[in-house]
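Chains as they are written, first to last, in my numbering: chain A, 228 to 726; chain B, 6 to 182.
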Ligand code: SF4
């Protein structure tokens, strides 16, 4: 372990290199977005006319995308440069049933054992299946205070964008890049472009219309490739009103809009969330750090490469009807007609026809007539305490429809414990929900939690791709409260009528 | 085309980098009994041994799984041509020596319509030639160099060890407390 140093690690270089102090720099720097500031502060080396080598503050590792990276290190006899900045957990493959039983699926078991072996060999902290801190990597990072404003964070998982909610530059990487960061603590990147997504307006019923609905709406509007090559910055009063948990839901799905990452400038909500967390700076360091965090924002006259603005004050709950996260409708609408939906784009029209065929839906069907067989409340998008608490309000005193199998999978062991302390597990269980152990579970169905062919699911996860939750399974993306109401009624309902 | 289609998740549990070719587009190539679907293009013997994969917009969207790139390579493809790629997938391709070429949508349409013609791809000159089509494509110099010379990018970065250490010292990069 590196020795403990006196300064926290996120202060910008200008504190140290400028003889004239921070003030001098601020006076002379051109206006910049928060993303550009974080980027500039992390450049280790600039290839002339080419990519930048960026320093990585936090590297999160999980069992599925890391084994080949560790093999690569061993082959070349390389070490992990900063095991002290690297943290691992197992989430994708872990069973969510009784943890004391052995894992039935042998290949999953091998992947999980391989991660444990690699972490001990390379000196990396691991929150394993027995750990009270185990959970989905994007839930535990913030929970443990590993996710901090102003930092660079990577993980071999596309939803690393979640951590951007803290005003960090957080991005998903492939396995070769995982190996590269393990060996060098750096990553070569071309600087993405910037994209301002401004959401304004007060939602009339913020319990029924959630951050999930806001984000599904954004993706529906800008498209699943709308953010390609860009870092999205979410701003506006509808964003600053949100809790950290809701902000994570928004940033989480940046990748569904095709973006490299998404972020939100830190404010007092952010700082209050981080304070006191296990790996966050303490005492005087925290005060100093939070001063810097509060200063991190896009300059008023900073230029974005792209921008959009939406008012969400009268937004209805959103439901996806197709096989990509841009195929979304208001709960009050009908399944669209492919010709109208595609507005003249032939490839889009074909995609919509194929999607409706796969989803077994007819154009013109009211969304509220769609019946579901399964309900999944979980995933790194919507499995935090607030998500479960909100859903429990819908469920309380009601019963899951006899034709529905419903489950709640908390995002982490900490979420699970806290929910149980609040008695949420009882509310869900009494209504007929299954209450499971933490993990990715039916978000991608790598563990035994999967849909059978033809089964239709209201899911709080982030992807509705063909077969994502099980071969032949049909996924509708919704918020936790919408999923909870669908479990009770056996079909989609406008949850505004309930809350 | 998302990465869940390129390699379905049931095949992500291996701990090696090879052997994914047989799982490429699995749910499209094979029916639920594991029999090849006759209407899927890769199952047409006419296309056996082809090295260039033609695709549509936003190819490789979705997850970061590098397994998608490994499967394409293992199946025998050396290049993918599409109007656009998802960012992470594009990076994963070049990390594995696969050339991902962005062409205009009409040019890709032309290649789809004339898919019986040979396509020649010239990386040094950044051109694609097929029938009446002669197109050039963009690729950044760094990526091109790494692809052409088959460089080990970690090895290259480790040569910058001094710069990395200097950065750490300057920013007092400390472990979380
Ligand atoms: S919950 Fe789903 S999206 Fe999130 S990390 Fe796990 S598999 Fe990926």
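Ideal placement from N, C-alpha and C gives every residue a C-beta, glycine not left out.
Boundaries of the beta strand (DSSP E) in which residue i is found, first to last residue
i, result
"residue 538 of chain A", "533-538"
"residue 354 of chain A", "352-354"
"residue 459 of chain A", "457-462"
"residue 478 of chain A", "Unbroken run through residue 478 of chain A is the alpha helix (DSSP H), 471-479; no beta strand (DSSP E)."
"residue 380 of chain A", "379-382"
"residue 158 of chain B", "No beta strand (DSSP E) holds residue 158 of chain B; the alpha helix (DSSP H) holding it covers 158-163."
"residue 684 of chain A", "683-686"
"residue 331 of chain A", "Unbroken run through residue 331 of chain A: none, as it is neither H nor E."
C-beta atoms of residue i and residue j nearer than 8 Å
i, j, result
"residue 673 of chain A", "residue 320 of chain A", "yes"
"residue 169 of chain B", "residue 271 of chain A", "yes"
"residue 723 of chain A", "residue 544 of chain A", "yes"
"residue 562 of chain A", "residue 719 of chain A", "no"
"residue 604 of chain A", "residue 627 of chain A", "no"
"residue 64 of chain B", "residue 108 of chain B", "no"
"residue 372 of chain A", "residue 490 of chain A", "no"
"residue 701 of chain A", "residue 682 of chain A", "yes"
"residue 555 of chain A", "residue 684 of chain A", "no"
"residue 399 of chain A", "residue 66 of chain B", "no"
"residue 101 of chain B", "residue 78 of chain B", "yes"
"residue 287 of chain A", "residue 704 of chain A", "no"
"residue 380 of chain A", "residue 316 of chain A", "no"
"residue 81 of chain B", "residue 56 of chain B", "yes"
Neighbouring residues, chain B, relative to residue i (Cβ below 8 Å)
i, result
"residue 417 of chain A", "145"
"residue 727 of chain A", "Chain A is shown only over 228 to 726; residue 727 of chain A falls outside these bounds and no answer can be derived."
Partner residues on chain A for residue i, Cβ-Cβ distance less than 9 Å
i, result
"residue 80 of chain B", "Ordered by position in chain A, no residue passes the 9 Å Cβ test against residue 80 of chain B, which lies about 18 Å from the chain."
Top-ranked residue by Cα proximity to residue i, from the options
i, options, result
"residue 265 of chain A", "A/378, A/257, A/486, A/317", "A/378"
"residue 318 of chain A", "B/88, B/18, B/38, B/114", "B/18"
"residue 616 of chain A", "A/479, A/539, A/706", "A/706"
"residue 560 of chain A", "A/587, A/540, A/571, A/597", "A/597"
"residue 313 of chain A", "A/409, A/693, A/525", "A/409"
"residue 657 of chain A", "A/583, A/621, A/452", "A/621"
"residue 731 of chain A", "A/581, A/352, A/536", "There is no way to answer for residue 731 of chain A, as the model of chain A reaches only from 228 to 726."
"residue 727 of chain A", "A/419, A/276, A/667, A/687", "Nothing can be reported for residue 727 of chain A, as the shown portion of chain A is limited to 228 through 726."
"residue 391 of chain A", "A/495, A/481, A/521, A/600", "A/481"
"residue 645 of chain A", "A/281, A/278, A/360", "A/360"
"residue 71 of chain B", "B/23, B/177, B/148, B/54", "B/23"
"residue 697 of chain A", "A/351, A/678, A/714", "A/678"
"residue 354 of chain A", "A/725, A/422, A/665", "A/665"
Residues that residue i contacts on chain B, provided the C-beta gap is smaller than 9 Å
i, result
"residue 170 of chain A", "Look at the range of chain A in this structure, 228 to 726, and you will see that residue 170 of chain A is not part of it."
Contact set between residue i and chain A, taken where Cβ atoms lie within less than 7 Å
i, result
"residue 17 of chain B", "291, 673"
Residue i: contacting residues in chain B (beta-carbon distance under 7 Å)
i, result
"residue 294 of chain A", "20"
"residue 280 of chain A", "162, 165"
"residue 337 of chain A", "20"
"residue 485 of chain A", "63, 66, 91"
Buried or exposed (CB count within 10 angstroms, at least 16 for buried), residue i
i, result
"residue 641 of chain A", "buried"
"residue 712 of chain A", "buried"
"residue 542 of chain A", "buried"
"residue 52 of chain B", "exposed"
"residue 171 of chain B", "exposed"
"residue 254 of chain A", "Confidence at residue 254 of chain A is low in this model, with a pLDDT of 49, below 50, so its placement is unreliable and the value that follows should be read with caution. Flag for residue 254 of chain A reads exposed."
"residue 251 of chain A", "Confidence is the limiting factor: at residue 251 of chain A the pLDDT is only 42, short of 50, which leaves the residue's position unreliable, though a coordinate-based value still follows. When all chains shown are included, residue 251 of chain A counts as exposed."
"residue 156 of chain B", "exposed"
"residue 125 of chain B", "exposed"
"residue 167 of chain B", "exposed"
"residue 3 of chain B", "This structure cannot speak to residue 3 of chain B, because chain B is shown only from 6 to 182."
"residue 129 of chain B", "exposed"
"residue 668 of chain A", "buried"
"residue 688 of chain A", "buried"
"residue 329 of chain A", "exposed"
"residue 322 of chain A", "buried"
"residue 523 of chain A", "buried"
"residue 239 of chain A", "Residue placement at residue 239 of chain A is poorly supported in this model, since its pLDDT is 39, which falls under 50; the coordinates still yield a value, given next. With 16 or more other Cβ atoms within 10 Å, it is buried."
"residue 571 of chain A", "exposed"
"residue 153 of chain B", "exposed"
"residue 256 of chain A", "exposed"
"residue 32 of chain B", "buried"
"residue 567 of chain A", "exposed"
First and last residue of the uninterrupted alpha helix (DSSP H) at residue i
i, result
"residue 524 of chain A", "First-last for residue 524 of chain A: undefined, no H or E at that position."
"residue 357 of chain A", "Note, residue 357 of chain A: premise wrong, no alpha helix (DSSP H); not H, not E."
"residue 266 of chain A", "261-268"
Proximal residues of chain A, C-beta to C-beta of residue i below 8 Å
i, result
"residue 100 of chain B", "401, 403, 404"
"residue 52 of chain B", "Within chain A, no residue comes near residue 52 of chain B; the closest Cβ sits about 21 Å away, beyond 8 Å."
"residue 13 of chain B", "694, 698"
Interface residues of chain D facing residue i [CB-CB closer than 7 Å]
i, result
"residue 514 of chain A", "Reference to chain D is not applicable here, since the protein chains of this structure are A and B."
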